Amino acid sequence: MSDQTDQEMRDKLFEALENVIDPELGIDIVNLGLVYEADLNDEGVAQVVMTLTAMGCPLAGTIVNDVKRALSDVEEVNDADVNIVWNPPWSKDNMSRYAKIALGIT
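The C-terminal position of the sequence shown is numbered 106 in full-length UniProt numbering, with every residue numbered one higher than the one before it.
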């Protein structure tokens, strides 16, 4: 894929991930800054690197399933691999301006 096509696909994946809402905070995982990377490999597998707001999050399995479900709506995606990482750690600085306003964080 060309660089432009790669970027268009990343944008498409991130757009789909905006439909995944963190059940505790009620904001999507992209605006919360939980998604670090999202790419599609040559086999049509979406590879997502993301974190959660806290280690031991009881809803981690739910969020991963929601990510896979959202990505399955993207025509080019055949499967999804979600890698949860803890480094770099998530902080409120990762959040978009929208998420900060919605949660009343300054």
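Here a beta-carbon is modelled for each residue, glycine too, at the ideal position from N, C-alpha and C. Predicted, not measured: the structure shown is a model, and the values here were computed from it.
Contact check for residue 48 against residue 78 fails: the beta carbons are separated by 8 Å or more. The beta carbons of residue 25 and residue 52 sit no closer together than 8 Å.
For residue 64, the three-state secondary structure derived from DSSP is helix. The DSSP-derived three-state label of residue 19 is coil.
For residue 75, the three-state secondary structure derived from DSSP is coil.
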